[in-house]
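*Asks:* Under the UniProt record's numbering, the first residue of the sequence shown is numbered 1, with each subsequent residue one higher.
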Amino acid sequence: MKFSVCIDAVYSGADLEESLASIQKLGFRTFEFWTWWDKDIDRLNEARKRLGLNISCFCTKFISLVDESQRAAYLEGLSESIETAKKLGCTKLITQVGNELEGVAREVQRQALTEGLKAGVPMLEEAGITLLVEPLNLKVDHAGYFLSRSDEAFEIIREVNSSNVKLLFDIYHQQITEGDLIRSIQANVEVIGHFHAAGHPGRHELHTGEIHYSAVFEAIRATRYDGDVGLEYFPTEEPEKGLARLTESAYSAVSEG
Numbered sequence: 001m002k003f004s005v006c007i008d009a010v011y012s013g014a015d016l017e018e019s020l021a022s023i024q025k026l027g028f029r030t031f032e033f034w035t036w037w038d039k040d041i042d043r044l045n046e047a048r049k050r051l052g053l054n055i056s057c058f059c060t061k062f063i064s065l066v067d068e069s070q071r072a073a074y075l076e077g078l079s080e081s082i083e084t085a086k087k088l089g090c091t092k093l094i095t096q097v098g099n100e101l102e103g104v105a106r107e108v109q110r111q112a113l114t115e116g117l118k119a120g121v122p123m124l125e126e127a128g129i130t131l132l133v134e135p136l137n138l139k140v141d142h143a144g145y146f147l148s149r150s151d152e153a154f155e156i157i158r159e160v161n162s163s164n165v166k167l168l169f170d171i172y173h174q175q176i177t178e179g180d181l182i183r184s185i186q187a188n189v190e191v192i193g194h195f196h197a198a199g200h201p202g203r204h205e206l207h208t209g210e211i212h213y214s215a216v217f218e219a220i221r222a223t224r225y226d227g228d229v230g231l232e233y234f235p236t237e238e239p240e241k242g243l244a245r246l247t248e249s250a251y252s253a254v255s256e257g
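#1: Pick from Asp67, Gly230, Ile41 and Pro135: whose alpha carbon is nearest that of alanine 105?
#2: Should the segment 87-98 be called in touch with the segment 130-145, which here means at least 3 C-beta pairs below 8 Å?
#3: Can you find at least 3 beta carbon pairs, one from the segment 183-196 and one from the segment 150-169, that sit closer than 8 Å?
#4: Where does asparagine 137 sit, in a helix, a strand or coil, going by DSSP?
#5: Assuming leucine 132 and leucine 168 form a contact by the criterion Cβ under 8 Å, report the distance between their Cβ atoms to the nearest whole angstrom.
#6: Report back the beta-carbon spacing between glutamate 205 and glycine 242 to the nearest angstrom; my notes put them in contact at under 8 Å.
#7: Buried or exposed: where does phenylalanine 195 fall if 16 or more other Cβ atoms within 10 Å of its Cβ makes it buried?
#8: Helix or strand or just coil, what does DSSP make of glycine 209?
#9: So within the segment 86-149, which uninterrupted alpha helix (DSSP H) runs reach at least 4 residues, ignoring any that extend past its ends?
#10: By the DSSP assignment, the alpha helix (DSSP H) with lysine 241 in it spans what residues?
#11: Contact check, valine 160 vs lysine 118 under 8 Å by CB: the rounded distance?
#12: Please state the DSSP three-state secondary structure of asparagine 45.
#13: First and last residue of the alpha helix (DSSP H) that includes leucine 16?
#14: Report buried or exposed for glutamate 232, applying the criterion of at least 16 other Cβ atoms within 10 angstroms of its Cβ.
#15: Nearest-angstrom Cα distance between glutamate 126 and arginine 71?
#16: So, at 7 Å on beta carbons, what are the nonlocal neighbours of lysine 166 in its own chain, with the 5 sequence-adjacent residues on each side left out?
#17: According to DSSP, simplified to helix, strand and coil, what is aspartate 8?
#18: Considering Cα atoms alone, identify which of Gln174, Gly120, Met123 and Ser162 is closest to histidine 142.
#19: When the distance is taken between beta carbons, is proline 239 closer than 9 Å to residue 293?
#20: Give me the Cβ distance between isoleucine 78 and glycine 120, rounded to the nearest whole Å; I'm assuming they're in contact under 8 Å.
#21: Tell me which same chain residues have a C-beta within less than 6 Å of the C-beta of isoleucine 7, skipping the five on either side of it?
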């Protein structure tokens, strides 16, 4: 396990190269971001190579998977995102699934989602890319989103049945949606490809709020999960202060993983 700093959240609004230099100085070696189409990818790639940094993941284009009529557009966006990932030496992409459609049976939308993911598998396999499907909470941040519960998300991942399609387990979102974090993670870790972490309530630094991250991380470590834990929070203080606290805290074994 290692920390991956989400620069679009932790360093929101800051200069890209300055952000990367900051995390590198603090001892982090991996970062992630949300959108690629609004960034200078050549500049980002040059900066991360110069600083010796790796990219864990970023998002594919935000096109609905639950709307079957959008499938061709989704797959085109996925193809473009894969090409960008290959250019950046990145092997994981995050996908959202879209908002629930009014007047369409939920089972029909779920079927469209599953079939859309299956349709993307051949290009993912060819490129060696893992697609990370992300449930989001409805109560605080993403009202109307189709996929919120991890149990349903795990079922969908298993229906797709590809090692190139896994779940992004966002600890913050799932705490809001359902809790029972440790049991859910440990029972399904084989289909989890990435984690996100933030304090709740507030989506701030990990030491804030009700989530006992030391216990959660220890439980994840016990599963022998060897991937990334993305720090996707909005800081209440200077980014460097919160990140430095993480490297000096009981969580530090994660970043050394």
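C-beta atoms are modelled at their ideal positions from N, C-alpha and C, and glycine is treated no differently.
*Replies:* Walking through what the data contain:
#1: Residue Asp67 holds the alpha-carbon nearest to the alpha-carbon of alanine 105 among Asp67, Gly230, Ile41 and Pro135.
#2: Touching, per the Cβ criterion.
#3: These segments touch.
#4: Coil.
#5: Between the beta-carbon of leucine 132 and that of leucine 168 there is about 4 Å, and that keeps the pair under the 8 Å contact cut.
#6: That belief holds up - the Cβ atoms of glutamate 205 and glycine 242 are roughly 4 Å apart, short of 8 Å.
#7: Phenylalanine 195 comes out buried.
#8: Residue state, collapsed to three classes: strand.
#9: Within the segment 86-149, the runs of alpha helix (DSSP H) at least 4 residues long that lie entirely inside it are, in chain order, 106-127.
#10: First-last of the alpha helix (DSSP H) with lysine 241: 239-248.
#11: Right, the Cβ-Cβ distance comes to about 6 Å (below 8 Å), so this counts as a contact.
#12: Of the three classes helix, strand and coil, the one that applies to asparagine 45 here is helix, per DSSP.
#13: Secondary structure note for leucine 16: its alpha helix (DSSP H) is the uninterrupted segment 16-25.
#14: By the C-beta density criterion, glutamate 232 is buried, having at least 16 other C-beta atoms within 10 angstroms.
#15: About 19 Å.
#16: Apart from the 5 residues on each side of it in sequence, lysine 166 sits with its Cβ closer than 7 Å to the Cβ of Thr130, Leu132, Ile157, Val191, Ile192 and Gly193 in its chain, given in chain order.
#17: The answer is helix: DSSP assigns aspartate 8 an H, G or I state.
#18: With respect to the C-alpha of histidine 142, the residue from Gln174, Gly120, Met123 and Ser162 having the closest C-alpha is Gln174.
#19: Residue 293 cannot be examined here, being either before or after the span of the chain that is shown, 1 to 257.
#20: Strictly speaking, residue 78 in this sequence is leucine, with isoleucine absent from that position. With 8 Å as the limit, leucine 78 and glycine 120 qualify as a contact, their Cβ atoms being about 5 Å apart.
#21: Same-chain partners within the cutoff: Ser19, Phe31 and Phe33.
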